[in-house]
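Only one structure is covered here, and it is reproduced in the block below.
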Amino acid sequence: MADDPLLSVEAIEVFYGKTEALSDVSLSVDEGEIVGVIGPNGAGKTTLLDAISGFKSFEGSITFDGTDLSKIGPEQAVREGLIYCTEKRDLFPYFSVHENLLMGAQARDDRDAVRDDLEEVYELFPRLDERREQEAETMSGGEQQMLAIGRALMGDPKLLMLDEPTLGLAPVIVDDISEAIERLRDEGLTILLAEQNSTFALRHADRLSLLENGEVELQGSASEFRDNEYVRDAYIGIH
Ligand code: ATP
């Protein structure tokens, strides 16, 4: 149905051995929205994105674009447009920028569109354009983050999941990433953004969830989060 969320996570539980990392976590992402997930170290943000992408098994239900994700594997989820840009970036270190970007389009067979998307990525991140032939491992942290996002975009996402895209980056580079996210929003891309940097998440997200110890402590709009005393005291202004 047109009104159904693009992504719907309902009451999921995730365990590492006997330790529960996520408990009764629910959230939804509508088409065209940016939804933020904030929380401290170890809150479960990466675990949540790992479960959605199919890397980590879970109890409960996750539906993406009408498909029950427990019924398909991660590869099929990628083909359906669920694209995950991990915190570790997972670039191919000895491949060039250009080759890494092409790897992002491996699951696609629409060659002309791939060519167009490549040029759009280079336009979005001119630093990548200048470094097409440079090996990924020789790039700065910020350039590698741009490449990781660019490669994810080459998968033609319906939903782009970004895990900690600002981690360890200088403020000037964070600004570049910010600008790119706003451009992607203007183009209508749907994004699920996990961030320890609450200020960054609040700048971009329409709605947010606060995760603490594997549980959702608070959900609401960006303005509700900004006005919330607990969020302000514990999470805003520390980056
Ligand atoms: P960070 O911001 O530091 O990346 P996070 O919010 O993404 O933290 P997770 O990485 O999802 O948190 O971790 C949630 C909990 O699960 C933590 O207690 C962590 O130690 C635990 N955990 C994560 N991965 C594993 C694993 N492979 N084996 C065992 N425990 C794990």
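Residues in the sequence shown are numbered consecutively from 114, following the numbering used here.
For each residue, glycine too, the CB sits at the ideal point set by N, CA and C.
Is any non-hydrogen atom of the ligand ATP found closer than 6 Å to the C-beta of residue i, if you look at the structure I gave you?
{"i": "Tyr348", "result": "no"}
{"i": "Gln309", "result": "yes"}
{"i": "Thr159", "result": "yes"}
{"i": "Asn326", "result": "no"}
{"i": "Gly149", "result": "no"}
{"i": "Tyr353", "result": "Not covered by the structure: residue 353. The range shown for the chain is 114 to 352."}
{"i": "Ala249", "result": "no"}
{"i": "Ala226", "result": "no"}
{"i": "Ala134", "result": "yes"}
{"i": "Ala164", "result": "no"}
{"i": "Gly155", "result": "yes"}
To the nearest angstrom, how far is the alpha carbon of residue i from that of residue j?
{"i": "Arg245", "j": "Leu140", "result": "38 Å"}
{"i": "Ile286", "j": "Pro278", "result": "10 Å"}
{"i": "Phe128", "j": "Phe171", "result": "8 Å"}
{"i": "Ala265", "j": "Asp276", "result": "12 Å"}
{"i": "His317", "j": "Lys158", "result": "17 Å"}
{"i": "Val234", "j": "Asp289", "result": "13 Å"}
{"i": "Met114", "j": "Glu248", "result": "Confidence in Met114 is poor, its pLDDT being 49 and thus under 50, which makes the residue's placement too unreliable to answer from."}
{"i": "Pro118", "j": "Ile304", "result": "13 Å"}
{"i": "Gln219", "j": "Ala314", "result": "30 Å"}
{"i": "His352", "j": "Phe338", "result": "The pLDDT assigned to His352 is 47, lower than 50, so where the model puts this residue is not dependable; a value taken from the coordinates is nonetheless given after this. Going from the Cα of His352 to the Cα of Phe338 covers about 16 Å."}
{"i": "Arg354", "j": "Ser334", "result": "Nothing in the structure corresponds to residue 354, since the chain is present only between 114 and 352."}
{"i": "Asn213", "j": "Glu232", "result": "14 Å"}
{"i": "Ser183", "j": "Glu144", "result": "21 Å"}
{"i": "Asp319", "j": "Gly130", "result": "35 Å"}
{"i": "Ser136", "j": "Arg224", "result": "42 Å"}
{"i": "Asn326", "j": "Val122", "result": "18 Å"}
{"i": "Tyr207", "j": "Phe238", "result": "20 Å"}
{"i": "Thr132", "j": "Val227", "result": "42 Å"}
{"i": "Gly179", "j": "Tyr343", "result": "35 Å"}
Could you check whether residue j and residue i sit closer than 7 Å to each other, using their CB atoms as the reference points?
{"i": "Leu324", "j": "Leu331", "result": "no"}
{"i": "Ile175", "j": "Ile165", "result": "yes"}
{"i": "Ile125", "j": "Val138", "result": "yes"}
{"i": "Lys271", "j": "Gly149", "result": "no"}
{"i": "Thr160", "j": "Ala190", "result": "no"}
{"i": "Ser311", "j": "Tyr348", "result": "yes"}
{"i": "Ile151", "j": "Gly268", "result": "no"}
{"i": "Cys198", "j": "Ala261", "result": "yes"}
{"i": "Gly167", "j": "Pro187", "result": "yes"}
{"i": "Leu302", "j": "Leu321", "result": "no"}
Measuring alpha carbon to alpha carbon, tell me which of the options ends up nearest residue i.
{"i": "Glu256", "options": "Leu162, Val138, Leu273, Asp242", "result": "Asp242"}
{"i": "Asp299", "options": "Leu119, Ile125, Leu135, Ile147", "result": "Ile147"}
{"i": "Ile294", "options": "Met259, Asn310, Ser311", "result": "Met259"}
{"i": "Leu280", "options": "Val329, Asp229, Ser253", "result": "Ser253"}
{"i": "Leu297", "options": "Glu236, Ser336, Asp222, Gly327", "result": "Glu236"}
{"i": "Glu200", "options": "Asp229, Phe338, Glu308", "result": "Glu308"}
{"i": "Asp222", "options": "Asp116, Arg192, Gly173", "result": "Arg192"}
{"i": "Val329", "options": "Asp116, Ala156, Gly173", "result": "Ala156"}
{"i": "Leu430", "options": "Leu162, Gly263, Asp340, Arg240", "result": "Shown here, the chain extends from 114 to 352; a query on residue 430 therefore has no answer."}
{"i": "Arg240", "options": "Asp230, His211, Asp229, Gly173", "result": "His211"}
{"i": "Ser209", "options": "Glu250, Asp346, Leu120", "result": "Glu250"}
{"i": "Asp163", "options": "Asp340, Phe205, Arg345, Leu306", "result": "Leu306"}
Report whether the distance from the Cβ of residue i to the nearest heavy atom of the ligand SAM is below 6 Å.
{"i": "Gly254", "result": "Summarising the ligand content, the structure contains the ligand ATP and does not contain the ligand SAM."}
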